[in-house]
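What follows is a set of notes on a single structure, which appears directly below.
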Amino acid sequence: MSSATMTPQRAAQETLRAYHHGGAPRLPVDPVAVARSLGVNVYEVVLPNTTSGMIAKVSDVAGTDILVNSEHAPKRQRFTVAHELGHYIAILNDPDRVSNPFLHKRDSLSSCGTDTEEIFANRFAAELLMPEDEVRRAARVGASVYQLAAQFDVSVDAMNFRLVNLGLARG
Numbered sequence: 193m194s195s196a197t198m199t200p201q202r203a204a205q206e207t208l209r210a211y212h213h214g215g216a217p218r219l220p221v222d223p224v225a226v227a228r229s230l231g232v233n234v235y236e237v238v239l240p241n242t243t244s245g246m247i248a249k250v251s252d253v254a255g256t257d258i259l260v261n262s263e264h265a266p267k268r269q270r271f272t273v274a275h276e277l278g279h280y281i282a283i284l285n286d287p288d289r290v291s292n293p294f295l296h297k298r299d300s301l302s303s304c305g306t307d308t309e310e311i312f313a314n315r316f317a318a319e320l321l322m323p324e325d326e327v328r329r330a331a332r333v334g335a336s337v338y339q340l341a342a343q344f345d346v347s348v349d350a351m352n353f354r355l356v357n358l359g360l361a362r363g
């Protein structure tokens with residue numbers, strides 16, 4: 193699939209399908225295990241508080257590393273790893289970029305919704321951690337936003353945002 197036609201939702205769905213060998217995703221999704229299954233190293237390190245994480249490939253022969261801020265809350269770390277994985281998947285699907293070194297940081301600007309690469313990575317992360325079909329299924333049985341957040345191991349804010357984006361927000 194070319195990067196021009198790849199949506200972040202479809203990329204996340206295909207990533208989950210490959211990770212689960214075609215089966216339904218096991219919840220909560222473990223973004224670190226998904227990243228490592230793709231050959232991406234994940235490390236918890238101390239970063240400036242304004243930086244949640246980053247993904248880097250420092251040379252054309254180096255491996256790819258995700259660094260996640262060890263001082264941030266676990267749910268934030270999970271979203272950060274999924275977000276950085278979104279950057280990785282986008283790069284893998286772009287023949288002009290796949291073999292080149294790169295560096296992406298997740299910081300306070302990442303969630304502003306102004307940069308297309310950041311938008312892609314955020315939407316990928318949301319679909320990876322909170323697969324639409326699974327969220328819709330759980331919401332149909334009347335689970336509260338708190339129950340849904342616990343089931344998917346995400347923050348209540350992240351789940352609220354996901355429900356709004358899926359048109360499932362409760363009044």
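The sequence shown lines up with residues 193 to 363 when you count with this note's numbering.
Cβ coordinates follow ideal geometry from the N, Cα and C atoms, glycine included.
Legend entry - Which of helix, strand or coil DSSP assigns to Val327: Here residue 327 refers to the residue found at position 135 when the sequence shown is read from its first residue. Helix at Val327.
Legend entry - Residue closest to Val260, alpha-carbon to alpha-carbon, out of Met198, Val237, Ser336: Numbered from its first residue, the sequence shown carries residue 260 at position 68. Scanning Met198, Val237, Ser336 for the CA closest to the CA of Val260 turns up Val237.
Inset, instruction - Just list the alpha helix (DSSP H) runs in the stretch 265 to 324, keeping only unbroken ones of 4 residues or longer that don't cross its boundaries, in chain order. - result: Counting whole runs of 4 or more residues, the stretch 265 to 324 contains the alpha helix (DSSP H) stretches 266 to 284, 308 to 321.
Inset, instruction - Give the range of the alpha helix (DSSP H) segment to which Val224 is assigned. - result: What you label residue 224 is simply residue 32 of the sequence shown in a count that begins at 1. Residues 223 to 229.
Inset, instruction - Please confirm whether Asn241 and Glu276 have their CB atoms less than 8 Å apart. - result: As a working note, residue 241 is residue 49 in the sequence shown. As a working note, residue 276 is residue 84 in the sequence shown. No, the Cβ-Cβ distance between Asn241 and Glu276 is not below 8 Å.
Legend entry - Asp286 versus Ala361: straight-line alpha-carbon distance, rounded: Here residue 286 corresponds to residue number 94 of the sequence shown, with the count starting at 1. Here residue 361 corresponds to residue number 169 of the sequence shown, with the count starting at 1. The C-alpha of Asp286 lies about 35 Å from the C-alpha of Ala361.
Inset, instruction - Measure from the C-beta of Pro323 to each C-beta in chain D and report whether the shortest distance is under 8 Å. - result: Given the protein chain composition of this structure (a single chain), no chain D is represented.
Inset, instruction - Under 8 Å by Cβ, that's how I've got Glu326 and Gln201 pegged, so tell me the actual separation to the nearest angstrom. - result: Reading the sequence shown from its first residue, position 134 is the one you call residue 326. Reading the sequence shown from its first residue, position 9 is the one you call residue 201. Not really, about 13 Å apart at Cβ, beyond 8 Å.
Inset, instruction - Compute the beta-carbon to beta-carbon distance between Leu321 and Phe271, rounded to the nearest angstrom, for a pair I have assumed lies under 8 Å. - result: Along the sequence shown, one-based indexing puts residue 321 at 129. Along the sequence shown, one-based indexing puts residue 271 at 79. With 8 Å as the limit, Leu321 and Phe271 qualify as a contact, their Cβ atoms being about 7 Å apart.
Legend entry - Beta-carbon contacts of Tyr338 that lie in its chain and below 7 Å, excluding the five residues immediately before and after: Sequence index remark: in the sequence shown, residue 338 carries index 146 (1-based). The beta carbon of Tyr338 is closer than 7 Å to those of Val348 in its chain, skipping five residues each way along the sequence.
Inset, instruction - Taking the CB atoms as reference points, tell me whether Asp257 and Tyr280 lie closer together than 8 Å. - result: By 1-based counting over the sequence shown, the position of residue 257 is 65. By 1-based counting over the sequence shown, the position of residue 280 is 88. No, these two residues do not count as a Cβ contact at 8 Å.
Inset, instruction - Return the bridge partner residues of Glu206 from the DSSP annotation. - result: Indexing the sequence shown from 1 puts residue 206 at position 14. According to DSSP, Glu206 bridges with nothing at all.
Inset, instruction - For Val237, verify whether its CB is less than 7 Å away from any heavy atom of the ligand FAD. - result: Inclusion of the ligand FAD in the displayed structure is not the case, the ligand content being empty and no account of it being possible.
Inset, instruction - Give a yes or no on whether the C-beta atoms belonging to Lys249 and Pro217 are separated by under 8 Å. - result: Taking the first residue of the sequence shown as 1, we reach residue 249 at position 57. Taking the first residue of the sequence shown as 1, we reach residue 217 at position 25. Pairing Lys249 with Pro217 gives a Cβ-Cβ distance that is not under 8 Å.
Inset, instruction - Could you tell me whether the Cβ atoms of Phe316 and Ala225 are closer together than 8 Å? - result: Position 124 of the sequence shown, counted from the first residue, corresponds to residue 316. Position 33 of the sequence shown, counted from the first residue, corresponds to residue 225. Their beta carbons are not under 8 Å apart, which means Phe316 does not touch Ala225 by this criterion.
Inset, instruction - Report the three-state DSSP secondary structure of Val250 (helix, strand or coil). - result: Taking the sequence shown and counting its residues from 1, one reaches residue 250 at position 58. Coil.
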